[in-house]
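Number of protein chains: 2
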Amino acid sequence: MSKGAATRDRIIESALRTASVEGLEGISLGRLAADVGMSKSGLFAHFASKEALQLDVLEAASARFVDVVVQPAMQEPRGEPRVRSMFEHWLVWERHESLPGGCVFMHAAAELDDRPGPARDALVHWQQQWLDVLAKAARIAIDAGHFRADLDPALFAFQQLSLVLGYYHARRLLNDAHAEAHVRTAFDALVASARA
Amino acid sequence: MSKGAATRDRIIESALRTASVEGLEGISLGRLAADVGMSKSGLFAHFASKEALQLDVLEAASARFVDVVVQPAMQEPRGEPRVRSMFEHWLVWERHESLPGGCVFMHAAAELDDRPGPARDALVHWQQQWLDVLAKAARIAIDAGHFRADLDPALFAFQQLSLVLGYYHARRLLNDAHAEAHVRTAFDALVASARA
DNA sequence: TGCCAAATAGCACGACCGGTCGTAAACTGC
DNA sequence: GCAGTTTACGACCGGTCGTGCTATTTGGCA
């Protein structure tokens, strides 16, 4: 890897941490440059625009999400074990060391929901893809006979997403000590209601 | 009402609309002044600081939430009907005419979850209060014999909040046409599992 | 070792930010 | 209709923002 590419990676890594705490708009080129120890113009030479940098950050985040959540869950046996593993790793993602401020997608979702543009499009695309992965895992569990045949996979994915959103909310904002117990109990109930 | 108080109300009303779209930080004194048709300095004379203005906006939003969601639900009979009414009005709140960008608390939650200060404190306080109202409604439903005795009211409130968060997410960000059907089906299942 | 390209820094710009201040206009009670 | 207060204005401050343009330094290869 060339020196430029290495620097670029350092910048995006730092920007990703900032974005998890302050959101994509919280990334300021000046502060980011100070964080990685270089000049604002030197940093800016690596990107066409701030928007391009934000897109790179989102892409890096989704690549990391695949590493931390999707890939490990795919190692598990098809059916309910894999569904459970996805959920477990999703909870891990929220407190992952590389994201001091929590899930960067949650922050970006609130920022971008009324702001059309490439960043919003990319975010929606990845969220949709993740929901599809969740629904597909549920469908596999149906085919494996673990879940009942009339279960709606898309609805099941929606319910999973909702619970994780509630968990993030309770943990990050409300500092609720019962957040983890609540989300686990609720998820267990959801899986139980999905069983054949 | 004096002229000053009327102007102040107009400002807060406009700021509330902006905040629902762009968040509390999206309120800029200059743009806000332009929106209500007055000078920046003339507007600023009504508030001690921008942070004070943000607090006023949050307070106005919570007062409106009580009007739109809490009060109407309290008219319903105790027990399950009231629980259902709270949920229904909560969905109405998200698409309320005075909030073109959706629930202002959702936006503020994402902005403030890592930013300590009076605004965050106020938001947490109101969210906690609302969760308490939800839990209390569930407890009343237990006492009325509508819900089973071993139901955990706090968990039930958490599950409701989660579903609404999922609904907002699916509707605002993903433009999911099934968002409303999903959230209603999921809520019906939740209530069914809570029944005695 | 010298050269060329890649990488970084310096500097300036226009725009916008929250906030201050002195002053003028408009309202209100007598 | 006058006096005093409330309300609003315009000019301006220091600061930060994203983003050009140009110069300087650095690093790999002949």
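Sequences listed follow chains B and F, in order. If you're matching positions, the first sequence starts at 1 in the working numbering and goes up one per residue. If you're matching positions, the second sequence starts at 197 in the working numbering and goes up one per residue. Backbone N, C-alpha and C fix where the C-beta goes; we use that ideal spot for every residue, glycine too.
Item to complete: Please compile the residues from chain B whose C-beta is within a distance smaller than 8 angstroms of the C-beta of residue 382 (chain F).
Response: Ordered by position in chain B, the residues that pass the 8 angstroms Cβ test against residue 382 (chain F) are 155, 158, 159, 162.
Discussion item. If the cut-off is 7 angstroms on Cβ atoms, which residues from the stretch 272-283 of chain F count as contacting chain B, listed in chain order?
Written reply: Closer than 7 angstroms at the C-beta level to chain B, one finds no residue of the stretch 272-283 of chain F.
Discussion item. Taking its Cβ as the centre, do 16 or more other Cβ atoms sit within 10 Å of residue 244 (chain F), making it buried, or is it exposed?
Written reply: By the 16-neighbour rule on beta-carbons within 10 angstroms, residue 244 (chain F) is exposed.
Worksheet item: Can you name the residues that DSSP bridges to residue 184 (chain B)?
Response: DSSP lists no partner for residue 184 (chain B).
Practice prompt. Flag this pair as touching only if the stretch 330-343 of chain F and the stretch 130-141 of chain B have three or more C-beta atom pairs under 8 angstroms; answer yes or no.
Written response: Taking a cut-off of 8 angstroms on C-beta distances, the stretch 330-343 of chain F does not touch the stretch 130-141 of chain B, as fewer than three cross pairs fall below it.
Discussion item. Whether or not the stretch 288-304 of chain F and the stretch 210-230 of chain F are in contact is what I'm after, with contact meaning three or more pairs of Cβ atoms, one per stretch, closer than 8 angstroms; do they touch?
Written reply: Contact holds between the stretch 210-230 of chain F and the stretch 288-304 of chain F, because three or more Cβ pairs, one in each stretch, are under 8 angstroms apart.
Fill in: Buried or exposed by the 16-neighbour rule on C-beta atoms within 10 Å, applied to residue 118 (chain B)
By the neighbour-count rule (16 or more Cβ atoms within 10 Å), residue 118 (chain B) is not buried but exposed.
Fill in: Nearest to residue 410 (chain F) (by Cα), restricted to the options F:231, F:247, F:226
Absent from the model: residue 410 (chain F). The displayed extent of chain F is 197 to 392, so no value can be given.
Worksheet item: Can the beta-carbon of residue 327 (chain F) be found closer than 9 angstroms to that of residue 304 (chain F)?
Response: Against a cut-off of 9 angstroms, the Cβ pair of residue 304 (chain F) and residue 327 (chain F) comes out as no contact.
Worksheet item: For residue 92 (chain B), is the classification buried or exposed, using 16 other Cβ atoms within 10 angstroms of its Cβ as the cut-off for buried?
Response: By the neighbour-count definition (other C-beta atoms within 10 Å, threshold 16), residue 92 (chain B) is an exposed residue.
Fill in: Check whether residue 163 (chain B) and residue 190 (chain B) have beta carbons under 9 angstroms apart
Yes, the Cβ-Cβ distance between residue 163 (chain B) and residue 190 (chain B) is below 9 angstroms.
Worksheet item: Whose Cβ in chain B lies nearer than 9 angstroms to the Cβ of residue 389 (chain F)?
Response: Near residue 389 (chain F) (Cβ distances below 9 angstroms), the residues of chain B are 189, 193.
Discussion item. Against chain B, with Cβ distances strictly below 9 angstroms, would residue 330 (chain F) count as a contact?
Written reply: Taking CB atoms only, residue 330 (chain F) has no neighbour in chain B less than 9 angstroms away.
Worksheet item: When the Cα atoms are used, what is the spatial distance from residue 347 (chain F) to residue 279 (chain F)?
Response: Those two C-alpha atoms are separated by around 14 angstroms.
Worksheet item: Are the C-beta of residue 292 (chain F) and some C-beta of chain B separated by less than 9 angstroms?
Response: With its beta carbon at least 9 angstroms from every one in chain B, residue 292 (chain F) lies outside the interface.
Worksheet item: Roughly how many angstroms lie between the CA atoms of residue 202 (chain F) and residue 67 (chain B), to the nearest whole one?
Response: Distance between the alpha carbons of residue 202 (chain F) and residue 67 (chain B): 55 angstroms.
Worksheet item: On the premise that residue 230 (chain F) lies in contact with residue 158 (chain B), defined as a C-beta separation below 8 angstroms, what is that separation, rounded to the nearest angstrom?
Response: That pair is no contact at about 40 angstroms.
Fill in: Start-end ranges of the beta strand (DSSP E) lying completely within the stretch 217-272 of chain F, minimum 3 residues
Within the stretch 217-272 of chain F, no complete beta strand (DSSP E) segment of 3 residues or longer occurs.
Practice prompt. Would you mind telling me which residues of chain F sit closer than 8 angstroms to residue 21 (chain B), beta carbon to beta carbon, in chain order?
Written response: In chain order: 310.
Fill in: Where the alpha helix (DSSP H) containing residue 315 (chain F) begins and where it ends
Taken as a continuous stretch (DSSP letters only), the alpha helix (DSSP H) holding residue 315 (chain F) covers 314-339.
Worksheet item: Are residue 58 (chain B) and residue 110 (chain B) touching if we call contact CB-CB under 9 angstroms?
Response: No, Cβ-Cβ distance for residue 58 (chain B) and residue 110 (chain B) is not below 9 angstroms.
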